[in-house]
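To convert, count from 1 in the sequence shown and add 142; that's my numbering.
C-beta atoms are modelled at their ideal positions from N, C-alpha and C, and glycine is treated no differently.
Note that the coordinates shown come from a computational prediction; the quantities given were computed from them, not determined experimentally.
Working notes, beginning with the structure itself.
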Amino acid sequence: MQQLLTQASLVNVLLGIDPAASVLGAVLLVIAGLGIITKGGDWFTDSAVDLGRITRIPPLIVGATIVSTATSFPEFVVALTGTLTGTSEFAVGNAIGSCLCNLGLIIGICAVTHSRIAKKTGVDPGITAGRDVLAGPGVFMLVFTLLVYLFALFDSGGAVLCEDKAAYGLSRWQAWFLFCGMFVFLGYSVRTARRSRRESAAESPAVPEESNSRTPSLTRTVLLFIGGCAMVILGSQLLVSNGRMLAITMGVPPLIVGLTLLAVGTSLPELIVSLIALLKGYDDLGLGNIVGSNVMNLCWVLASCSLASPIPIQRQTIVYDLPFALLLTVFCLAFPWKTERIGPRVGWLMLATYASYLSGLLWWGFGR
Numbered sequence: 143m144q145q146l147l148t149q150a151s152l153v154n155v156l157l158g159i160d161p162a163a164s165v166l167g168a169v170l171l172v173i174a175g176l177g178i179i180t181k182g183g184d185w186f187t188d189s190a191v192d193l194g195r196i197t198r199i200p201p202l203i204v205g206a207t208i209v210s211t212a213t214s215f216p217e218f219v220v221a222l223t224g225t226l227t228g229t230s231e232f233a234v235g236n237a238i239g240s241c242l243c244n245l246g247l248i249i250g251i252c253a254v255t256h257s258r259i260a261k262k263t264g265v266d267p268g269i270t271a272g273r274d275v276l277a278g279p280g281v282f283m284l285v286f287t288l289l290v291y292l293f294a295l296f297d298s299g300g301a302v303l304c305e306d307k308a309a310y311g312l313s314r315w316q317a318w319f320l321f322c323g324m325f326v327f328l329g330y331s332v333r334t335a336r337r338s339r340r341e342s343a344a345e346s347p348a349v350p351e352e353s354n355s356r357t358p359s360l361t362r363t364v365l366l367f368i369g370g371c372a373m374v375i376l377g378s379q380l381l382v383s384n385g386r387m388l389a390i391t392m393g394v395p396p397l398i399v400g401l402t403l404l405a406v407g408t409s410l411p412e413l414i415v416s417l418i419a420l421l422k423g424y425d426d427l428g429l430g431n432i433v434g435s436n437v438m439n440l441c442w443v444l445a446s447c448s449l450a451s452p453i454p455i456q457r458q459t460i461v462y463d464l465p466f467a468l469l470l471t472v473f474c475l476a477f478p479w480k481t482e483r484i485g486p487r488v489g490w491l492m493l494a495t496y497a498s499y500l501s502g503l504l505w506w507g508f509g510r
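Pasting the structure below:
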């Protein structure tokens, strides 16, 4: 317990904050983290869109690669730290829980919020989800989720749990396979971006921009992108470290903390960036960020931790967490296939499914 509390207050120590802060101080730091995330997310979104304009890369690809990698960095830090310090429950719970949160909570909130705003503005309700998203990055997300489930189900990977051989786990060769899969996904994204640039150049090779349109500066865009990313990561770390300290102090089991507080906390960058992008009309950027983040959670975050040390996976993750992740992934891809939109009904369904998952999770952690 003391080790976890010390680990949770690491960010506060680095910032020069008294690690023996009171509960009130931790709550204030959580609120400060939320404020930093919100402002940083605003800068981050605008600069990501401008970066796409400058490079002529589609917002979908920007969101699925550059933005998703940056917003997945908090998950990577938390998961890798947990693995290296012997608390692999945090690593697995954080990575899988973030995937669940991205699909159930973030897509649900964004779809419902966008639909309510659409009623006032007169635009079509829901998130635009074209076939290029569903049949491209979406398929990668489904395949990698299924692979992680099958890998863990049929092989312990030599992982150790409580000084005994684990029944389920991820081995190093499986981690390498997932890690290489990430580069296949990035290669696909680069190829798609190049094709889009060629098509854009062929359609309008020398059409000047409108006089009232804003011409982004590359230097300013890069600085805002880096600054916004840093603020999002710093804010999320403040929120997660202090929130985790409060939860552990109250006796919440580590796996439950990872699947709920850490997952939601480290997914806040995705929520803020995606919600701001949707509110500003950049549906491809927002949805691409969510899908790409799930790919990164599985192929970068989880795989990197397994490369450092084979990760044991608990039975709950096999029979409960990963099946729910697969179910939400199928919902995300199947329901908008015909309409190419994630409407309010699908949004409420995703939220209801995620709420059902959390209810069962609480029973699993506290009712047994």
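Taking the Cα of Phe293 as reference, the smallest distance to any Cα among Ser416, Arg314 and Arg273 is reached at Arg314. Going by C-alpha positions, Thr270 is about 42 Å away from Thr391.
In this structure, Leu417 places its C-beta atom within 9 Å of the C-beta atom of Ile251. Looking from the CA of Val254, the closest CA among Trp490, Phe286, Pro478 and Met324 belongs to Trp490. Ranked by Cα distance from Gln379, the options Gly175, Gly329, Gln316 and Ala221 are led by Gly175. Assignment of Thr227 by DSSP, reduced to helix, strand and coil, places it in the coil class.
Annotation for Leu247: no alpha helix (DSSP H) segment contains it, and DSSP assigns it neither H nor E. In terms of Cβ geometry, Ser189 and Phe327 do not form a close pair [threshold 9 Å]. Secondary structure of Ile196 (DSSP, three-state): helix.
Between Gly183 and Ile414, the C-beta spacing is below 9 Å.
For Cys474, the uninterrupted alpha helix (DSSP H) run begins and ends at Leu464 to Ala476, by DSSP. Straight-line measurement puts the Cα of Phe319 at about 32 Å from the Cα of Glu482. Straight-line spacing of the CA atoms in Trp479 and Leu171 works out to 42 Å. Our two residues, Ser359 and Leu245, have alpha carbons roughly 34 Å apart in a direct line. Residue burial annotation: Trp185 is buried, with at least 16 other C-beta atoms found within 10 angstroms of its C-beta. Under a 10 Å Cβ-count criterion, Thr361 is classified as exposed, with fewer than 16 other Cβ atoms of the shown protein chains found around its own Cβ. Close CB contacts of Val281 within its chain, under the 8 Å cut and outside five residues either way in sequence, are with Leu475 (chain order). By alpha-carbon distance to His256, the top candidate from Phe325, Leu504, Asn439 and Arg487 is Arg487. Judged by pairs of C-beta atoms under 8 Å, the stretch 201-220 touches the stretch 415-435, as three or more such pairs exist. Here Leu504 is exposed. Its C-beta has fewer than 16 other C-beta atoms within 10 Å. Burial check for Gly329: the Cβ neighbour count within 10 Å stays below 16, so the residue is exposed. A distance below 8 Å between beta-carbons, with the five flanking residues on each side excluded, links Phe477 to the following residues of its chain, in chain order: Ile484, Val488 and Leu491. Taking the Cα positions, Glu217 is about 12 Å away from Val374.
Here Phe296 is exposed. Its C-beta has fewer than 16 other C-beta atoms within 10 Å. Closest option to Val169, judged by alpha-carbon separation, among Asp463, Cys441, Ser383 and Tyr424: Ser383.
The DSSP-derived three-state label of Thr481 is coil. Remark: C-beta atoms of Asn436 and Thr334 do not approach each other more closely than 9 Å. Taking the C-beta atoms as reference points, Leu289 is found nearer than 9 Å to Gly323.
When the five nearest sequence neighbours on each side are left out, the beta carbons in the same chain lying within less than 8 Å of the beta carbon of Phe321 are those of Cys441, Trp442, Ala445, Ser446 and Leu449, in order along the chain.
Counting only the Cα atoms, Val220 lies some 16 Å from Cys243. With fewer than 16 neighbouring CB atoms inside 10 Å of its own CB, Ala277 falls in the exposed class.
Across the structure, Asp425 and Gln316 are spaced so that their CA atoms are roughly 34 Å apart. Beyond the five residues adjoining it in sequence on each side, Ser214 comes within less than 7 Å, by CB distance, of Ser435, Met438, Asn439, Trp442 and Val443 in the same chain, given in chain order. Here Tyr496 really is in contact with Leu247; their C-beta atoms are around 5 Å apart, less than 8 Å. Membership of Gly280 in the alpha helix (DSSP H) is indicated by the continuous run Pro279 to Phe296. Just measuring C-alpha positions, the residue of Leu166, Gly370 and Ser451 sitting nearest Ile179 is Gly370.
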